[in-house]
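Chains A and B, in that order, give the protein sequences.
If you want my numbering, it's the 1-based position in the first sequence plus 72.
If you want my numbering, it's the 1-based position in the second sequence plus 2.
Beta carbons: idealized from backbone N, C-alpha and C, even for Gly.
Only a predicted model underlies this, so the values are computations on that prediction, with no experimental measurement involved.
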Amino acid sequence: MQVYNTGLNTPSVAAGPLYSLRLYVAGQTPKSVLALRNLKHICEEHLNGRYEIEMIDLLENPQLARGDQILAVPTLVRRLPEPIKKIIGDLSNTERVLVGLDLRVSR
Amino acid sequence: MNGVANLHSAEELLQSNLHAHDVPKALTGIRGLDEVTRGGLPKGRPTLVCGGPGSGKTLLAMTFLVNGAVRFDEPGVLLTFEENAEEIASDVASLGFDLPQLIAAGKLAIDYVRVERSEIEETGEYDLEGLFVRLDHAIRTVGAKRVVLDTIESLFAGLKNDTILRAELRRLFRWLKDQGVTAVITGERGDGLLTRQGLEEYVSDAVILLDHRVHDQVSTRRLRVVKYRGSHHGTNEYPFLIDAGGISVLPVSSLALQHPAPIDRVSSGVTRLDEMLGGKGYYRGSTILVSGTAGTGKTSLAAHFLDAACRRGERCLCFLFEESPQQLLRNMRSIGIDLEPWVKSGVLQFHADRPSRYGLETHLVTMHQVVANFKPTVTVLDPVTNLMTVGTFADVQAMLTRLIDHLKTENITAMLTSLMPGQTEIERTETTISSLMDTWIVLANDAESGRHHRGLYVLKSRGMAHSNELCEFSMTNRGLNLHERASAPPGTGARDGSSQEGTHHAGV
């Protein structure tokens, strides 16, 4: 389990709730690498200083798939703020990710 | 002795040859299904079980899984997409399946996969590796040999990308094969397709179709093995039943005529009648028809038979299609036959059903089940003619043939009573089923010079030198009393079946 704790220790730039995100992958596949890169990019751009990414490799921790009802990988789970949201796929469509995270109203 | 037992059919030889070449199989433990599939589902391969809502797919799959864990030392995994573990457990608890206990014992793992489309946003490429990981984890946890996916088609409602889904399902079924697990995948029946999403395209080893039809307000469940790669299987539709004991399928019996033919005899319960039957009574495992018009004493003769069998310590099962057990007990007590102690001690069991309650097939399956549960050595059906009200002659004959075939195979002595509508006419009813009978006893009433006579004769009894006489009897408070005859009877050549006139000469 890797934790990317970006910006939490620096003074918050933008006001707003903390985003606790979990990215589920199964091994270091091109899709999972791409998903993480996409996610980091989106977070830096839109959630500067108020996000936390936890990456879970199901090949190492298969028992964790049940709890969050993981089926597809990669799956991004927004644990906070509530309610829980899920976004599946390599997160290559930034618009849809922002909609999924409630950072942008769906057009 | 009749020669029936010595016949070895070509079919039997063929069957034993075919078995040797069949693919390895995993027993389902479901009565009848293992016969139809000649040994169960293809071992290490996926089988598709499809049917409409309420057709029994989940029950069949769960029975396969639980039997594997309990009876065949094959732990199992259930991946459920529709109900959670608690709901599934309570659904099958009434069948005696204790899922929590199996889970605690490490013989079963249940993973509930919930997919809610509204909660999921899809963006970009993905695969279902998460599902594979979960399944793999569950299989490793219990060392599973069996897997049930119920119902994986729910994924189509939860995920938008059909292309990915189909590719992943194809991969999943391939993966299941690689794991070497025997899998049952359930699917909802679709329009013009076996399953809504065409799963049959992916699962090609075996396909079982369940069907639930209502005809004339009588519902019958049917099962058909649509496909079974690498194995011979019954291709007919087989009726099956779901009741408190679970699921059971009724294969059409082979009718290969290989029943055992025991030589030991059982008393009819009437000494004088035993004498008429070669001095020893019926053959064990034979089938006896008692026919006669209303009020001739058919049930009484059956009661004697039951009473005698119970005295010998045999387990007796009595199917009633007309009277309630209480009625029968009361009526028989009035002629001095008290069957109630046998009921209380558990050697005699009644099973009363209105014929119209369900179709012939269901009657047949029910009877099979009751017989299998109670394990009787003597069975009485009273009166079998009442079944005519729910089927055609041909249907009833086919049904009785299968029933008698089964009873004979189990070496159960069976007595069937038959109500003749006319006074002298031996009706089609009788001739339809008489060829299946080893012994045929005819009871008749005759009113002559203001007196009512009761007569009895043995129309046929295979494999014994039986009496041809027409014997008068009376109904006493100690049951049927067959009179000693004064002289040889004139013209009661019952042996060749031309003795109908005998019923007119009941008085001696």
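- Interface annotation for the region 142-162 of chain A against chain B: I142, L143, A144, V145, P146, T147, I156, K157, K158, I159, I160, G161, D162, criterion Cβ-Cβ distance under 8 Å.
- L93 (chain A) and P153 (chain A) have their C-alpha atoms roughly 9 Å apart.
- Per DSSP, reduced to three states, the secondary structure at H365 (chain B) is helical.
- Contact of R168 (chain A) with chain B by beta-carbon distance below 9 Å involves E123, E124, T125, G126.
- The continuous alpha helix (DSSP H) containing V105 (chain A) extends over residues 102-118.
- By alpha-carbon distance to A71 (chain B), the top candidate from B:R40, B:Y284, B:A146, B:H139 is B:A146.
- Across the structure, R136 (chain B) and V205 (chain B) are spaced so that their CA atoms are roughly 21 Å apart.
- Between R116 (chain B) and Q135 (chain A), the gap from beta carbon to beta carbon reaches 8 Å or more.
- Non-local beta-carbon contacts of L319 (chain B) in its own chain, meaning distances under 6 Å to residues more than five positions away in sequence, involve Q351, F376, P378, T381 in chain order.
- Of the candidates A:D174, A:N120, A:I160, A:I160 places its Cα closest to the Cα of A98 (chain A).
- Taken atom to atom, the span from the alpha-carbon of H370 (chain B) to that of E155 (chain B) is near 35 Å.
- The straight-line gap separating the alpha-carbon atoms of E324 (chain B) and D245 (chain B) is approximately 23 Å.
- Scanning the region 23-106 of chain B for uninterrupted alpha helix (DSSP H) segments of 4 residues or longer gives 35-38, 59-73, 87-95, 101-106, listed from N- to C-terminal end.
- Contact annotation: L212 (chain B) and G58 (chain B) have beta-carbon atoms nearer than 8 Å.
- Around the beta carbon of G42 (chain B), a 10 Å sphere encloses 16 or more other beta carbons of the protein chains shown; the residue is thus reported as buried.
- According to DSSP, D384 (chain B) shares a beta bridge with B:L322.
- The continuous beta strand (DSSP E) containing P241 (chain B) extends over residues 239-245.
- With distances taken between CA atoms, S250 (chain B) lies nearest to B:E37 out of B:E37, B:F74, B:G283.
- Contact between the region 160-174 of chain A and the region 125-140 of chain B is present, with at least three C-beta pairs closer than 8 Å.
- Close to S164 (chain A), with beta-carbon spacing below 8 Å, are these residues of chain B in chain order: T125, G126, E127.
- Between the beta-carbon of G299 (chain B) and that of L472 (chain B) there is about 14 Å, and that puts the pair past the 8 Å contact cut.
- Residue state for G182 (chain B) is assigned as coil, using DSSP reduced to three classes.
- Just measuring C-alpha positions, the residue of B:A310, B:G280, B:S270 sitting nearest L291 (chain B) is B:S270.
- Per the coordinates, the alpha-carbon of L366 (chain B) lies some 54 Å from the alpha-carbon of I156 (chain A).
- Where R274 (chain B) is concerned, the enclosing alpha helix (DSSP H) starts and stops at 273-278.
- Taking C-beta atoms as the reference points, L81 (chain B) and V150 (chain B) count as a pair closer than 8 Å.
- For Q351 (chain B), the uninterrupted beta strand (DSSP E) run begins and ends at 350-354, by DSSP.
- Collapsing the DSSP output to three states places I210 (chain B) in a strand.
- Around V25 (chain B), the same chain offers P44, G232, S233 as residues with beta carbons nearer than 6 Å, after the five sequence neighbours per side are excluded.
- Those residues of the region 102-124 of chain A placed with their C-beta closer than 7 Å to a C-beta in chain B are K103, ordered along the chain.
- Note that the C-beta distance between G338 (chain B) and V444 (chain B) is not below 8 Å.
- Boundaries for E126 (chain A): no alpha helix (DSSP H) harbours it, while the beta strand (DSSP E) harbouring it runs 123-129, taken from the DSSP string.
- Bounds of the alpha helix (DSSP H) holding A140 (chain B) are 131-144.
- In the structure shown, T403 (chain B) adopts helical secondary structure according to DSSP, grouped into three states.
- Residue environment analysis places N69 (chain B) among the buried positions, since at least 16 neighbouring C-beta atoms fall within 10 angstroms of its C-beta.
- Segment contact: the region 175-183 of chain B against the region 94-108 of chain B, fewer than three CB-CB distances shorter than 8 Å; contact not assigned.
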